[in-house]
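Here the structure comes first, spelled out in structure tokens, and everything after it is commentary.
Residue numbers (our numbering): 2 to 183.
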């Protein structure tokens, strides 16, 4: 947005504009004020995923609860991660939300099976809630990072099983032994 050079001076009352002192005094601050107003004019663009700089993308990801986005990822991948996180925020912990995030992280098709649903009173299955997630790979992530991100999306009361390329990575045999012992 462009402004006339004397935009700040024109905001003074007419009686002050006729005084040379006020004109010179306000002129001192006009350039700095112009910089501040230009920053304010750009605020709407900073939150626009298509226009914001990559550094802002990583910062915005933290607003949505993501632990961070690796700056080594391409700008397109960073923007896709943020867009998916924003789109799935209201779906967090649901089958649809898990599916979209798993597709993002793994880079491929996923299968999410779960035992939840809506049941008539007294007809709900006995036992804990469960979810089984199957992905072809962990995508760009190390297995431990992938596991941490996925488990963070699963509701705490739900027993989760995660399979990567037909190999169960969660729960680990140690975790299963702990569960059986308790």
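By construction, the Cβ of each residue, glycine as well, lies at the ideal position given by its N, Cα and C atoms.
*For the stretch 84-98 and the stretch 152-160, state whether three or more C-beta atom pairs, one from each stretch, are separated by less than 8 angstroms.*
yes
*Give the single residue among 22, 120, 109, 6 whose Cα lies nearest to the Cα of residue 135.*
109
*Check each candidate in 111, 130, 113, 112 and name the one with the smallest Cα separation from residue 119.*
130
*In three-state DSSP terms, what is residue 82?*
helix
*Considering only residues of the same chain and omitting the five flanking positions on each side of residue 62, which have a CB-CB separation below 6 angstroms?*
70, 83
*Write down every uninterrupted run of the beta strand (DSSP E) in the stretch 96-153 whose length is 3 residues or greater and which is fully enclosed by it, in chain order.*
112-115, 131-136
*Helix, strand or coil for residue 4 per DSSP?*
coil
*Look at the alpha carbon of residue 145 and the alpha carbon of residue 113, and state the distance between them as a whole number of angstroms.*
20 angstroms
_Limits of the unbroken beta strand (DSSP E) element including residue 58_ = No beta strand (DSSP E) holds residue 58; the alpha helix (DSSP H) holding it covers 55-64.
*Helix, strand or coil: which one does DSSP assign to residue 158?*
coil
*Are the Cβ atoms of residue 107 and residue 138 separated by less than 8 angstroms?*
yes
*Whose C-alpha, out of 183, 166, 161, is nearest the C-alpha of residue 173?*
161
*Kindly indicate which residue of 23, 151, 169, 17 has the alpha-carbon position closest to the one of residue 102.*
151
*Does any CB atom of chain B fall closer than 8 angstroms to the CB of residue 149?*
No chain B appears in the structure shown, which is made up of a single protein chain.
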